[in-house]
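Quick note on this note's numbering: the sequence shown kicks off at 9 and runs consecutively. Glycine included, each C-beta is placed from N, C-alpha and C at the ideal position. Remember, predicted model here, so these are calculated numbers, not experimental data. What follows is a short report on a single structure.
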Amino acid sequence: MKQKKLGLALGSGAARGFAHLGVLQAFEEKGIRIDCISGCSIGSLIGALYCCGMPVLEIMDMALELVPWEWIDISMPKTGLIQGRRLEQLIKKHTGGKRFEDLKKPFAVVAADLSTGKRVVLNKGYVYKAVRASVAIPGIIAPLELEGKILADGGLVDPVPVDLVKEMGAGYTVGVNLGSWIEEKKMKSIYDVIIQSIDILQNEILMLRGIEADLIISPYLKDINPVTFNQVEECVAAGRKAALGVIDELRSGLEATGKRGWLQNLVQRKQNHR
C-alpha cells in the first residue's frame with residue numbers, strides 16, 4: 009500500500025523547541041519518511057536546519073555548544089532587547105545561505121506581520137531571512153522588516169502551522185505542540201514576563217482553534233525553562249519519548265486514516281499533558 013505524503017508541523021515554544029530534535033530522531037530511527045515540513049518560531053529554525061540537510065545529531069551538538077555571545081547582540085531597547093543581526097548571521101551560516109528552492113525537502117515558515125496582525129507564509133527567497141523573522145519574540149528580539157512587512161514570531165498567529173503542510177500537499181499531518189505551560193511563578197526578569205505572556209496568548213489560540221492535524225505529538229516539557237537554552241538533552245529526550253509513543257498510530261494513519269476533529273485533538277493534547 010502506498011504511504012500517504014507526510015507533513016510535519018513544528019510548533020513554537022522558545023527553548024522548549026529542542027524537543028523537535030527528539031521527534032525527528034525518533035522518526036529516523038523508525039524509518040518514518042517526512043515529505044514536507046512547516047515551522048514557526050523555534051520550529052522554523054529546527055525545520056530549516058533539517059531541511060538544509062544538517063543531521064539531527066549535528067544540530068544537537070550545535071545546540072549544546074552554542075554560547076550566548078554567538079547570537080546575542082544587546083541593543084538600546086527600541087524594537088527589541090536583542091538586535092538580531094548576530095542571530096541572522098548564525099542562521100545564515102548554518103543554513104549555508106540556501107534559498108527555499110535549494111532545500112532537500114519542501115519547507116515553509118510562518119511569521120506574524122506586526123503592522124496588520126496577519127499571518128504571513130514565507131516559502132521563497134533566503135531561508136535564513138524567513139527564520140530570522142519567525143523567531144523574533146516580541147520585546148526580546150527585534151522584528152525584521154522584509155518586503156515591506158514588519159515580521160515577528162510566527163507563534164503569535166499560528167503556533168502549530170498544520171494548514172501549511174496541507175497546502176504543501178500532505179495527505180497525513182502531524183503537529184508537534186510544545187505546549188503552553190501556564191502556572192503560578194515569580195517573574196524574575198523581563199524575559200519571564202514576555203514568554204509567560206506569549207504562552208497565555210498561544211494557549212488561548214489553541215483552545216479556540218484546536219490543532220487540525222491527523223496526529224498530535226505533545227512532549228512533556230513542564231519542567232523546561234523556555235528562556236534558558238541549557239536543557240537541550242532533556243528537551244530532546246522528551247520529544248523522542250513522545251514521538252516513539254505514537255509511532256504505531258502514525259504508521260496506521262499513513263496507510264489509512266480518518267481525520268480527527270479539533271475537539272478530539274484537544275482532548276488528546278490535554279491527556280498528553282497529564
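* Asked: Just to confirm, are L18 and I54 a CB contact at a threshold of 8 Å?
  -> Yes, Cβ-Cβ distance for L18 and I54 is below 8 Å.
* Around the C-beta of T124, are 16 or more other C-beta atoms found within 10 angstroms, so that it is buried, or is it exposed? -> Per the 10 Å Cβ criterion, exposed.
* Assigned secondary structure, L72 (DSSP; H/G/I helix, E/B strand, else coil) -> Helix at L72.
* **Alpha-carbon to alpha-carbon, M68 and F26** => Each residue's alpha carbon lies about 8 Å from the other.
* Asked: Which stretch, first to last residue, makes up the alpha helix (DSSP H) that contains P142?
  -> Correcting the residue type first, residue 142 is Ser in the shown sequence and not Pro. Boundaries of the alpha helix (DSSP H) harbouring S142: V135 to S142, taken from the DSSP string.
* To do: Less than 8 Å between the CB atoms is what I'm expecting for G234 and G21, so what's the real figure, rounded?
  => The amino acid occupying residue 234 in the given sequence is Pro; Gly does not appear at that position. That pair is a contact at about 6 Å.
* **Contact between the stretch 50-64 and the stretch 108-127 (3+ Cβ pairs under 8 Å)** => Contact between the stretch 50-64 and the stretch 108-127 is present, because at least three Cβ pairs lie under 8 Å.
* To do: Enumerate in chain order the residues of its own chain whose CB-to-CB distance from L164 is below 6 Å, with the five nearest sequence positions on each side excluded.
  => Counting only residues of its own chain and dropping the five nearest sequence neighbours on each side, L164 has a CB closer than 6 Å to the CB of A120.
* **K137, buried or exposed, once every other Cβ within 10 Å from all chains shown has been counted against 16** => Buried, by the Cβ-count rule.
* Please confirm whether C48 and S142 have their CB atoms less than 8 Å apart. => It is a contact, given that the beta carbons lie within the stated cut-off.
* Three-state secondary structure (DSSP) of V235 -> Three-state result, V235: coil.
* Asked: Nearest chain C C-beta to F35 closer than 8 Å, yes or no?
  -> Considering every chain present, this structure includes no chain C. It has just one protein chain.
* Between the CA atoms of I213 and V287 - distance to the nearest angstrom -> Outside the displayed span of the chain (9 to 282) sits residue 287, for which this structure offers no information.
* **Three-way DSSP call (helix, strand, coil) for Y58 in this model** => Helix.
* Is L95 closer than 8 Å to R140 when the C-beta atoms are compared? -> It is a contact, given that the beta carbons lie within the stated cut-off.
* Asked: Does the pairing of the stretch 202-218 with the stretch 162-176 give three or more beta-carbon distances under 8 Å?
  -> Cβ pair count under 8 Å is three or more, so yes.
* Asked: Can you pull the DSSP bridge partners for C44?
  -> Partner(s): G15.
* When DSSP labels each residue in this structure, what does V182 get in the three-state scheme? -> Assigned with DSSP and collapsed to three states, V182 falls in strand.
* Under 8 Å between the Cβ atoms of R107 and G133? -> In contact: R107 and G133 (Cβ atoms closer than 8 Å).
* Based on the DSSP output, what are the partners of F115 in its beta bridges? -> For F115, the pairing in a beta bridge is given by DSSP as I45.
* **Range of the contiguous alpha helix (DSSP H) that encloses I213** => Taken as a continuous stretch (DSSP letters only), the alpha helix (DSSP H) holding I213 covers I198 to R217.
* Cβ-based neighbour list, L72, same chain, cut-off 8 Å, excluding 5 preceding and 5 following -> Excluding five sequence positions before and after L72, the CB atoms of its chain that fall closer than 8 Å to its own CB belong to V240 and E241, given in chain order.
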